[in-house]
Amino acid sequence: MNKIINDHGFLEIAPHPVLKAYIEQCGGEPVSLIRRPNPKVPAQNTGEHYQFLEGVGNLLASGFKRVDFDKLCASPDGQNDFVKPKLPNYPYNKSYCWAESAGERSRRLREKPRPIATPHFRINVDSHPDLTGHIVFDAVLFPASG
1 MNKIINDHGF LEIAPHPVLK AYIEQCGGEP VSLIRRPNPK VPAQNTGEHY
51 QFLEGVGNLL ASGFKRVDFD KLCASPDGQN DFVKPKLPNY PYNKSYCWAE
101 SAGERSRRLR EKPRPIATPH FRINVDSHPD LTGHIVFDAV LFPASG
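The end of the sequence shown is residue 146 by the UniProt record's numbering, with every number in the run present.
Set out below in structure tokens:
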């Protein structure tokens with residue numbers, strides 16, 4: 001476990017920071033948590049993609065530099081969405097501007113990807129009675145990987 005802790009960073013994607021205490025107990029430092037936004041609290045509901053990118057940003061800010069942006073930003077059809085346009089060095093330099101190509105326009109206007117966890121995905125004690133022993137603060141926590 002110590003070798004894993006020394007060689008890797010930890011990014012937990014969960015509704016609750018379940019593994020945080022375990023990682024700290026083993027001597028690791030939990031870097032980031034990605035939580036599914038709570039649809040009942042509009043102020044916290046920034047969207048799943050924003051939450052995911054914020055978690056990746058926390059990893060980068062903590063010193064983890066091995067994020068593969070080509071895989072992270074690739075679309076399902078294999079096209080790379082992460083396009084860095086050539087911008088002028090000085091923002092007030094009016095000598096030229098860039099035009100949007102047809103490919104860039106179609107990528108910008110295409111249908112957004114579906115949510116990672118849709119709102120109708122609900123597992124509770126009513127649908128799964130075996131989970132009655134896994135309730136903490138009125139929330140069902142999954143044993144093991146969930």
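Ideal Cβ positions, reconstructed from N, Cα and C, are used throughout, including at glycine.
What you are looking at is a predicted structure, and each value in this text was computed from that prediction instead of being measured.
Under the three-state DSSP convention, the category Glu100 falls into:
Within the sequence shown, residue 100 is the residue found at index 100, counting from 1. Coil at Glu100, not helix or strand.
Considering Cα atoms alone, identify which of Glu24, Leu19, Pro113, Phe64 is closest to His49.
Mapped onto the sequence shown, residue 49 falls at position 49. His49 has its Cα closest to that of Pro113, out of Glu24, Leu19, Pro113, Phe64.
Which residues does DSSP list as the beta-bridge partners of Val140?
Here residue 140 is taken as the residue at index 140 of the sequence shown, counted from 1. Val140 is bridged to Ile135.
Beta carbon of Val140, beta carbon of Ile123: below 9 Å?
Translated into the one-based positions of the sequence shown, residue 140 becomes position 140. Translated into the one-based positions of the sequence shown, residue 123 becomes position 123. Yes; because the gap between Cβ atoms is below 9 Å, this pair is in contact.
Which residues mark the beginning and the end of the alpha helix (DSSP H) in which His49 is found?
By one-based count along the sequence shown, residue 49 stands at place 49. 48 to 61 is the extent of the alpha helix (DSSP H) around His49.
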